[in-house]
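Visitor:
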Amino acid sequence: MATPEHLTLSSIIKSVHQNLRVRSRVIGSDLAWEEHRRNKELLKEYAAAMHKLATEHWKDKSEDNINCRIDWVAKQSQSYFIEGGHAECYDRELQKLHRLNCSAELGEDSLKYTECNGAVNFNTPLSMLDVGSCYNPYKIFPFFNTFPIDLAPATEDVLSCDFLKVNVSETDKAVEDFVKCMKYTSSSDEMPEIKFLPAEFFDVINFSLFLEYLPSSKQRYSSCKKAYDLLRLGGVLFVITPDSKHQSANAPLMRNWRIALETIGFLRISYQKLTHLHCMAFRKCPFPDLPKTFAKKELSRFEKFNKLTPPEMMVIPQDFSACTMEAEKTDSYSLDKLDTENVNYFTELPVSF
Numbered sequence: 001m002a003t004p005e006h007l008t009l010s011s012i013i014k015s016v017h018q019n020l021r022v023r024s025r026v027i028g029s030d031l032a033w034e035e036h037r038r039n040k041e042l043l044k045e046y047a048a049a050m051h052k053l054a055t056e057h058w059k060d061k062s063e064d065n066i067n068c069r070i071d072w073v074a075k076q077s078q079s080y081f082i083e084g085g086h087a088e089c090y091d092r093e094l095q096k097l098h099r100l101n102c103s104a105e106l107g108e109d110s111l112k113y114t115e116c117n118g119a120v121n122f123n124t125p126l127s128m129l130d131v132g133s134c135y136n137p138y139k140i141f142p143f144f145n146t147f148p149i150d151l152a153p154a155t156e157d158v159l160s161c162d163f164l165k166v167n168v169s170e171t172d173k174a175v176e177d178f179v180k181c182m183k184y185t186s187s188s189d190e191m192p193e194i195k196f197l198p199a200e201f202f203d204v205i206n207f208s209l210f211l212e213y214l215p216s217s218k219q220r221y222s223s224c225k226k227a228y229d230l231l232r233l234g235g236v237l238f239v240i241t242p243d244s245k246h247q248s249a250n251a252p253l254m255r256n257w258r259i260a261l262e263t264i265g266f267l268r269i270s271y272q273k274l275t276h277l278h279c280m281a282f283r284k285c286p287f288p289d290l291p292k293t294f295a296k297k298e299l300s301r302f303e304k305f306n307k308l309t310p311p312e313m314m315v316i317p318q319d320f321s322a323c324t325m326e327a328e329k330t331d332s333y334s335l336d337k338l339d340t341e342n343v344n345y346f347t348e349l350p351v352s353f
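Each step along the sequence shown adds one to the number in UniProt numbering, with nothing skipped, and position 268 is 268.
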């Protein structure tokens, strides 16, 4: 049973997300996001609420609890990077290439990967970019060297970064400069904002309860494209998104997400529907034409997709939620009228899928 404080904190989080979506409908997602990121007081309140929810109200790590996402990512990372899962993925991809008779030319990086016969070494600790980290929950795992970033950090060990705005740097000094910045500790009130991230540097990128925060499908897709550019070949993008319905209820949306990420060059290597979450792992495939071939074939099967571009496919139910004209004009609306079916389980989730 949720406590009064739990309900209050959840209401703060939910109202921020809903107001952002409404503003996006009124002025467009880019302007709405810019307006949102400049509201420092709101971001501070949001960060404090999320931190308290996660550390005081989500302590139980059973499958029924939202914090199980942290252990899920950790276990999947161990299996893939440390216990040989990446080599198994490589072997399966080769088999699929042969079955599909894929004759697409491989890039230089892919050829190097092939010459290693899949036995690419990922050294521990693994470099993890935790996007929307809030309070750096993965620092407890010794096999992660975590780089936690957040639009509104809740703790001092998380650096400020707007992932939508951050640049991808391919310069020779990008990694060196980035590591120096991440090690920076300051006694001042303002921490420096991360303006760039090094290309092809990270073994793991974590989008845990992050994508649904963004008010548009195109922003979600562009974030995944950026993650692709930041990952090493064979690296993994984790996508954790909330949904308390049964597995098949929103299966078409999750299929759309998978297809959209395949057009970028990702292959989904793991999926599990927990009580309140969809947990997915996507590998940056060394043979990018393989997932793109899968996506092309799937898109051709569904005529209705022909009118959709990949950036338009990463939708969530709230994107379709109707607001009254009065609400849009006043930039506000009743929580009882929007996403009412999600209110009952939102005491467990930070965002309603």
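We treat Cβ as the ideally placed atom computed from N, Cα and C, and that holds for glycine.
1) Taking the beta strand (DSSP E) that histidine 278 belongs to, which residues open and close that run?
2) When you compare each of Lys44, Leu20, Tyr46 and Ala47 to glutamate 34 by their alpha carbons, which one comes out closest?
3) If distances are taken between C-alpha atoms only, which option among Thr275, Glu312 and Leu299 comes closest to arginine 69?
4) Closer than 7 Å by C-beta to tyrosine 135: which residues in its own chain qualify, once you throw out the five before and the five after it? Chain order, please.
5) Rounded C-beta distance between proline 286 and leucine 233? I'm assuming under 8 Å.
6) Let me know the secondary structure DSSP gives leucine 7 once reduced to three states.
7) Is phenylalanine 81 buried or exposed, if buried means 16 or more other CB atoms sit within 10 Å of its CB?
8) If we cut at 8 Å on Cβ distances, does glutamine 95 have a partner in chain B?
9) Measure how close the beta-carbons of valine 175 and lysine 226 come, nearest whole angstrom, since I'm counting them as under 8 Å.
10) Under 6 Å Cβ to Cβ from phenylalanine 196, same chain only, skipping five residues before and after it: list those, please.
11) Measure the CB-CB distance between lysine 44 and alanine 152 and report whether it falls below 8 Å.
12) Taking 8 Å as the threshold (C-beta atoms), are isoleucine 194 and cysteine 161 in contact?
13) When burial is assigned at 16 or more other CB atoms within 10 Å of the CB, is alanine 295 buried or exposed?
14) Which of helix, strand or coil does DSSP assign to asparagine 136?
15) Select from Ile240, Ala260, Ile12 and Ser127 the residue whose C-alpha is nearest the C-alpha of lysine 199.
16) Alpha carbon to alpha carbon, how far is serine 186 from isoleucine 12?
17) How many Å lie between lysine 218 and alanine 74 at the Cα?
18) Can you round the beta-carbon distance between leucine 129 and isoleucine 149 to whole angstroms, since I take them to be within the 8 Å contact cut?
19) What residue range does the alpha helix (DSSP H) around isoleucine 205 cover?
20) Among residues of its own chain, excluding the 5 on either side of valine 179, which ones have a beta-carbon nearer than 6 Å to its beta-carbon?
21) What first and last residue would you give for the beta strand (DSSP E) that runs through arginine 232?
22) Excluding five sequence neighbours on each side, which residues of the same chain lie with their C-beta closer than 7 Å to the C-beta of lysine 96?
23) Could you give the residue range of the beta strand (DSSP E) that holds proline 148?
24) Go through its chain and collect everything with a Cβ distance to alanine 281's Cβ below 6 Å, but skip five positions before and after it.
25) What residues in its chain sit with their C-beta under 8 Å from that of glutamate 326, if we drop five residues either side in the sequence?
26) Tell me whether the beta-carbon of proline 310 lies closer than 8 Å to the beta-carbon of leucine 277.
27) I need the DSSP call for isoleucine 13, collapsed to helix, strand or coil.
28) Glycine 265 and phenylalanine 210 - do their beta-carbons sit closer together than 8 Å?
29) Quick check on DSSP: helix, strand or coil for threonine 330?
30) Grab me the residues of glutamate 312's own chain with a C-beta within less than 6 Å of its C-beta, minus the 5 sequence neighbours each way, in chain order.
31) State the start and end residues of the unbroken beta strand (DSSP E) segment that holds methionine 128.
32) Between the Cα of tryptophan 72 and those of Ser208, Phe201 and Glu298, spot the shortest distance and give me the residue it belongs to.
33) Could you tell me which residues DSSP puts in a beta bridge with glutamate 273?
34) Using C-beta distances below 6 Å, list every residue in its chain close to cysteine 279, excluding the 5 sequence neighbours before and after it, in chain order.
35) Out of Arg220, Glu88, Phe122 and Glu298, point me to the one whose CA is closest to methionine 202's CA.
Guide: Taking the definition as stated:
1) Numbered from its first residue, the sequence shown carries residue 278 at position 278. Counting along the chain, the unbroken beta strand (DSSP E) around histidine 278 starts and ends at 277–284.
2) Translated into positions along the sequence shown, residue 34 becomes position 34. Among Lys44, Leu20, Tyr46 and Ala47, the Cα nearest to that of glutamate 34 is on Leu20.
3) For the purposes of this step, residue 69 is taken as residue 69 along the sequence shown, with counting starting at 1. Taking each of Thr275, Glu312 and Leu299 in turn and checking the Cα distance to arginine 69, the smallest one comes out for Thr275.
4) Your numbering for residue 135 matches position 135 in the sequence shown. Once the five neighbours on either side are set aside, the close Cβ partners of tyrosine 135 are His51, Ala54, Thr55, Ala154, Thr155 and Val158.
5) If you number the sequence shown from 1, residue 286 lands on position 286. If you number the sequence shown from 1, residue 233 lands on position 233. That belief holds up - the Cβ atoms of proline 286 and leucine 233 are roughly 5 Å apart, short of 8 Å.
6) Working through the sequence shown from its first residue, we reach residue 7 at position 7. Under the three-state reduction of DSSP, leucine 7 is assigned to helix.
7) Against the sequence shown, residue 81 aligns to sequence position 81. When all chains shown are included, phenylalanine 81 counts as buried.
8) You won't find chain B in this structure, because it holds only one protein chain.
9) Residue mapping note: residue 175 aligns to position 175 of the sequence shown, counting from 1. Residue mapping note: residue 226 aligns to position 226 of the sequence shown, counting from 1. Not confirmed; about 17 Å, so no contact.
10) Residue 196 sits at position 196 when you count from the first residue of the sequence shown. The answer, listed in chain order, is Asn167 and Ser169.
11) For the purposes of this step, residue 44 is taken as residue 44 along the sequence shown, with counting starting at 1. For the purposes of this step, residue 152 is taken as residue 152 along the sequence shown, with counting starting at 1. At a Cβ-Cβ threshold of 8 Å, lysine 44 and alanine 152 count as neighbours.
12) Your numbering for residue 161 matches position 161 in the sequence shown. Your numbering for residue 194 matches position 194 in the sequence shown. Taking 8 Å as the Cβ cut-off, cysteine 161 and isoleucine 194 qualify as a contacting pair.
13) For this step, residue 295 is matched to residue 295 along the sequence shown. So alanine 295 ends up on the buried side.
14) Residue numbering aside, residue 136 sits at position 136 when the sequence shown is read from its first letter. Correct three-state label for asparagine 136: coil.
15) As a position in the sequence shown, residue 199 is number 199, starting the count at 1. For clarity, residue 199 is alanine in the given sequence; the question names lysine instead. Comparing Cα-Cα distances from alanine 199 to each of Ile240, Ala260, Ile12 and Ser127, the minimum goes to Ser127.
16) The count along the sequence shown starts at 1 and reaches residue 186 at position 186. The count along the sequence shown starts at 1 and reaches residue 12 at position 12. Confidence in serine 186 is poor, its pLDDT being 44 and thus under 50, which makes the residue's placement unreliable; the coordinate value appears in the next sentence. When rounded, the distance between both Cα atoms is 29 Å.
17) Reading the sequence shown from its first residue, position 218 is the one you call residue 218. Reading the sequence shown from its first residue, position 74 is the one you call residue 74. A direct Cα-Cα distance of roughly 28 Å separates lysine 218 from alanine 74.
18) Residue mapping note: residue 129 aligns to position 129 of the sequence shown, counting from 1. Residue mapping note: residue 149 aligns to position 149 of the sequence shown, counting from 1. 7 Å between Cβ atoms; contact.
19) Taking the first residue of the sequence shown as 1, we reach residue 205 at position 205. Run containing isoleucine 205: none in the alpha helix (DSSP H); it sits in the beta strand (DSSP E), 202–208.
20) Looking up residue 179 in the sequence shown gives position 179. Once the five neighbours on either side are set aside, valine 179 has no close Cβ partner at all.
21) Within the sequence shown, residue 232 is the residue found at index 232, counting from 1. Per DSSP, arginine 232 belongs to the beta strand (DSSP E) from 231–242.
22) Looking up residue 96 in the sequence shown gives position 96. Same-chain partners within the cutoff: Leu290.
23) For the purposes of this step, residue 148 is identified with residue 148 of the sequence shown, where counting begins at 1. 144–150 is the span of the beta strand (DSSP E), which, as asked, contains proline 148.
24) Position 281 of the sequence shown, counted from the start, is the residue given in the question as residue 281. Counting only Cβ-Cβ distances below 6 Å, and skipping sequence neighbours, we find Gln76, Val236, Phe238, Ile269 and Ser270.
25) Here the question's residue 326 lines up with position 326 in the sequence shown. Confidence in glutamate 326 is poor, its pLDDT being 36 and thus under 50, which makes the residue's placement unreliable; the coordinate value appears in the next sentence. There are no such residues.
26) Locating residue 310 in the sequence shown gives position 310, counting from the first residue. Locating residue 277 in the sequence shown gives position 277, counting from the first residue. Their beta carbons are not under 8 Å apart, which means proline 310 does not touch leucine 277 by this criterion.
27) The count along the sequence shown starts at 1 and reaches residue 13 at position 13. In the structure shown, isoleucine 13 adopts helical secondary structure according to DSSP, grouped into three states.
28) Sequence index remark: in the sequence shown, residue 210 carries index 210 (1-based). Sequence index remark: in the sequence shown, residue 265 carries index 265 (1-based). Cβ distance not < 8 Å, so phenylalanine 210 and glycine 265 don't count as in contact.
29) Translated into positions along the sequence shown, residue 330 becomes position 330. Any reading at threonine 330 must be qualified, since the residue scores a pLDDT of 43, below 50, and its modelled position is unreliable; no value is offered.
30) Sequence index remark: in the sequence shown, residue 312 carries index 312 (1-based). Around glutamate 312: Ser217.
31) Residue 128 sits at position 128 when you count from the first residue of the sequence shown. Going by DSSP, methionine 128 is part of the beta strand (DSSP E) stretching over 126–131.
32) In the sequence shown, residue 72 corresponds to position 72, counting from 1. Checking every option, the nearest Cα to that of tryptophan 72 belongs to Ser208.
33) Reading the sequence shown from its first residue, position 273 is the one you call residue 273. Before going on, a small fix: residue 273 reads as lysine here, not glutamate. Beta bridge pairing from DSSP links lysine 273 with His278.
34) In the sequence shown, counting from the first residue as 1, residue 279 sits at position 279. Excluding sequence neighbours, cysteine 279 sits near Trp72, Ile240 and Gln272.
35) Here the question's residue 202 lines up with position 202 in the sequence shown. It is worth fixing the name first, because residue 202 is phenylalanine in this sequence and not methionine. Checked all of Arg220, Glu88, Phe122 and Glu298; the closest Cα to phenylalanine 202 is Phe122.
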